[in-house]
DNA sequence: GTACATTTCAAACATGCGTTTGAAATGAGG
DNA sequence: CCTCATTTCAAACGCATGTTTGAAATGTAC
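Protein chains in written order, with full-length UniProt numbering: chain A, 1 to 223; chain B, 1 to 223.
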């Protein structure tokens, strides 16, 4: 078997298992068993489990990130600031294109992203901000331009809130799909979830800021 | 040493380690070491690691849930439907009271909640909906009344989006606190994060629904 | 077709895990 | 003080993990 065939079989088996069970709770024996290769093949071809995890993520990141960067640059080059919903809509096309590269590609990638952020605390965050910091900066800049009423700190928090929304939804998307299909007879595919996500995120990010007095009065009213 | 002393030391050590590292990645040896008790004490006093996890969560749930239920019932008894921000504000007081019971109690509980939802997929979800389903139903009912324009399926998705926001934010709150303090010189305590969360969540949940045509036009514009 | 490099494979390694065990220590009641 | 139940403790158990090893198999070039 050629080198690339074995590596690909390992990557395919690993990514599906990682998405299902998380990185820490997936063993190399599960991976090599599903990939139908020898246990030692992972360490031979990738060096370690940690390197395998990075390779699995990189396969998607190196496709998505350049496309995002290109789109962001296009919007930044325009004279007028872009509206927030349009900034967020930039993600749709590149993410859905992962579906063409590989069946379930979009779901898998977003689930992996979720796992990476929740499993091993901060590891993935550092990896992404180190390798793709410029892409993220351009996105943040666009959001800031589209929401002139929000200061940098508020945007920082709201973008992390949004990251949590996406990442958690995708990490538990399998369960949510099942419930939605059973209780509400809905088509539950990744695209329709993204369609539901965008207005939620746009409204949350652009929400009017609430001042402490309002919060206190709210808590008082609620008594 | 009395039974309750040992059990409490174990619970205290376990909850902080669970919050930091997650349930699966925290070993009984770490817990008993920090608690300064013998390794076998966990199995002697709690039966198993799984039972310990439930005990850790129950300590907070049995305080928070009755208070929430009481508040929700009060709002449901009113004639006019409650405004969404006030419904969400119900959570503030009971959560912040955990701080009095124990230092860092609010943060710990919310972090544990986040861990429980992301670590072992669906386990905590079933536990909560089984034991406290009536509380959650009352909350959902209040949200539905406050958002008459949204159908049940839309609310289902948006409440799970919101759960993701909270849970992810709390699970990674330590890292976020550090970044916020370093980059934006902010006080980064749990209360100020909750203060920031509420308007984000309220706006997201009550966002105008977006129809497919709008999404397509957005994606088109973004090209 | 031989020589060499690459890749596979079964087996073992060291380590850490949750749990169990049986004896020692400690507690409370008569 | 003796007795008995409760709690602690060191040690070991069985198992699963990531990784390493050295021989066997396979591929490649001359």
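For glycine and all other residues, C-beta sits at the position ideal for the given N, C-alpha and C.
{"Query": "Simplified DSSP assignment, three categories, for residue 210 of chain A", "Result": "coil"}
{"Query": "Contiguous alpha helix (DSSP H) assignments of at least 4 residues, all confined to the region 123–159 of chain B", "Result": "123–131 and 133–146"}
{"Query": "Chain-ordered neighbours of residue 197 of chain B on chain A, where CB pairs are closer than 8 Å", "Result": "161"}
{"Query": "Own chain residues within Cβ distance below 7 Å of residue 65 of chain A, not counting five before or after", "Result": "132 and 135"}
{"Query": "Alpha-carbon to alpha-carbon, residue 199 of chain A and residue 201 of chain B", "Result": "12 Å"}
{"Query": "Cβ shell of residue 68 of chain A (< 6 Å), same chain only, five flanking positions each side left out", "Result": "94 and 135"}
{"Query": "Cβ-Cβ separation, residue 145 of chain A to residue 152 of chain A (assumed contact under 8 Å), whole Å", "Result": "Contact flag wrong, Cβ pair sits at about 12 Å."}
{"Query": "Near-chain A residues of the region 25–57 of chain B - C-beta to any C-beta below 7 Å", "Result": "25"}
{"Query": "Nearest to residue 34 of chain B (by Cα), restricted to the options B:16, B:24 and B:22", "Result": "B:16"}
{"Query": "Range of the contiguous alpha helix (DSSP H) that encloses residue 65 of chain A", "Result": "49–77"}
{"Query": "Distance CB(residue 96 of chain B)-CB(residue 106 of chain B) smaller than 7 Å", "Result": "yes"}
{"Query": "Chain B contact for residue 204 of chain A (CB, 7 Å cutoff)", "Result": "yes"}
{"Query": "Where the alpha helix (DSSP H) containing residue 46 of chain B begins and where it ends", "Result": "41–46"}
{"Query": "Interface partners of residue 208 of chain A on chain B, CB under 9 Å", "Result": "199 and 203"}
{"Query": "Within chain A, partners of residue 186 of chain B - CB distance below 7 Å", "Result": "153"}
{"Query": "Partner residues on chain B for residue 165 of chain A, Cβ-Cβ distance less than 7 Å", "Result": "161, 164 and 165"}
{"Query": "Whether residue 45 of chain A touches residue 5 of chain A by CB criterion (7 Å)", "Result": "no"}
{"Query": "Anticipated Cβ contact below 8 Å, residue 142 of chain B with residue 76 of chain B, distance rounded", "Result": "7 Å"}
{"Query": "Proximal residues to residue 31 of chain B (C-beta, below 7 Å), its chain only, five neighbours per side dropped", "Result": "10, 13, 14, 17 and 42"}
{"Query": "Proximity test, Cβ basis, 7 Å: residue 158 of chain A and chain B", "Result": "yes"}
{"Query": "Three-pair Cβ contact test at 8 Å for the region 181–192 of chain B versus the region 186–196 of chain A", "Result": "no"}
{"Query": "contact_flag[the region 163–181 of chain A, the region 156–164 of chain B] where n(CB pairs < 8 Å) is 3 or more", "Result": "yes"}
{"Query": "For residue 94 of chain A, the first and last residue of its enclosing alpha helix (DSSP H)", "Result": "92–101"}
{"Query": "Beta carbon proximity, residue 106 of chain A to chain B, threshold 7 Å", "Result": "no"}
{"Query": "Status (buried if at least 16 other CB within 10 Å, exposed otherwise) for residue 39 of chain B", "Result": "exposed"}
{"Query": "Chain B contact for residue 118 of chain A (CB, 7 Å cutoff)", "Result": "yes"}
{"Query": "For residue 274 of chain B, three-class secondary structure by DSSP", "Result": "Nothing can be reported for residue 274 of chain B, as the shown portion of chain B is limited to 1 through 223."}
{"Query": "Contact with chain B by residue 127 of chain A, beta-carbon distance below 7 Å", "Result": "no"}
{"Query": "Contact list for residue 177 of chain A against chain B, beta-carbon separation under 9 Å", "Result": "Simply none; closest approach about 11 Å."}
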